[in-house]
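Have a look at the structure below before the remarks.
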Amino acid sequence: MTTIETNSPLTNSNPNVFRDAATMTRRNLLRLSRTPQVIVFSTIQPVMFVLLFNFVFGGSIDTGTSYINFLVPGVLVQTSMFAGSNTAIGLAQDLESGAIDRFRSLPMARSAVLIGRTLADATRTLITSTVVVIIGFILGFRPSGGPLAVIAAVLLGILFAQAFTWVFTFMALKVKDVEAVQAAAFLPVFPLVFAASTFAPVENMPDWLQQFASRQPVTLTIDAMRDIFDGTNPGSSLFWSLVWIFGILAVASTLAIRTFNKN
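Here my numbering is used: position 168 in the sequence shown is 284, and no number is missing along the way.
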């Protein structure tokens, strides 16, 4: 008997949706463990950003603090964005290979296929983020908030990654072709990551760009993470970051699951 879902994107009247989502998460984690090169190469990229930006721009950009302390939160959020694009590519590959069609034929909650995918990729993002923080410590990253602040800041980054993972999931379901998805996924990543406080203060940008950069979710999340790392009150940055995160999560997950069900 096929599971009948409610209109809610992330919950289901059938309690098996949680079991199905856990099964799909485990399936994707097992698949990831059998291709460790995926984790290795997805980790190398943010590590290279930390090394290159720290040593190339660290001495020329005035941030009011040590550049490595400024840089690490930015790279963590950038890692979240790139992780979402990898989700889109992986999902498009499953669509082309017919794996998704096989999942649809099973007596399981359809939303579990997407939930399991995004949760498994969140685990990969956690691994990558941990490596980035470790490399940061080796290079002199010294957050004054203590261990709990480090954990809280990294978890905020994972939550941000989860929201944008659903954006890229929806993109993959609409585009479907692997090469097209790979090209399309980077279109929102670059303006959001580079027109933000990721690598340089927003105050150094032209006035017209500051209006966008200071209000978009990447900047707000990075600024909140920096305050959390430093043990200071993130205030409005954290509030608006969470508004963006849960707003994006609600809209993108609804669109993705409805698209998946229609297809």
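Don't be surprised by glycine CBs; every beta carbon is placed ideally from N, CA and C.
Under a Cβ-count criterion, where at least 16 other Cβ atoms within 10 Å of its own Cβ denotes burial, should residue i be classed as buried or exposed?
| i | result |
| --- | --- |
| V318 | buried |
| L226 | Per the sequence shown, residue 226 should be read as Arg rather than Leu. Its Cβ being crowded by 16 or more others within 10 Å, R226 is buried. |
| Q327 | exposed |
| S201 | buried |
| F315 | buried |
Looking at the structure shown, is residue i part of a helix, part of a strand, or coil, going by DSSP?
| i | result |
| --- | --- |
| G273 | helix |
| D293 | coil |
| D178 | coil |
| G232 | helix |
| G256 | coil |
| M140 | helix |
| P189 | helix |
| L303 | helix |
| I313 | The identity of residue 313 in the sequence shown is Ser, whereas the question assumes Ile. Note: S313 maps to coil in three-state DSSP. |
Starting from residue i, trace the alpha helix (DSSP H) both ways and give me its first and last residue.
| i | result |
| --- | --- |
| R374 | 352 to 378 |
| T151 | T151 -> no alpha helix (DSSP H), and no H or E assigned at all. |
| Q332 | Segment: none, Q332 is in no alpha helix (DSSP H) and carries neither H nor E. |
| R220 | 215 to 220 |
Rounded to the nearest angstrom, what separates residue i and residue j at their Cα positions?
| i | j | result |
| --- | --- | --- |
| N123 | M197 | Caution is warranted here: a pLDDT of 41 is assigned to N123, below 50, making its placement in the model unreliable, and no coordinate value can be reported. |
| S260 | D346 | 5 Å |
| V188 | F171 | 13 Å |
| L271 | G262 | 15 Å |
| I383 | V249 | This structure gives no information on residue 383, because the portion of the chain shown stretches from 117 to 379. |
| I254 | A301 | 32 Å |
| L242 | L146 | 16 Å |
| L303 | K290 | 15 Å |
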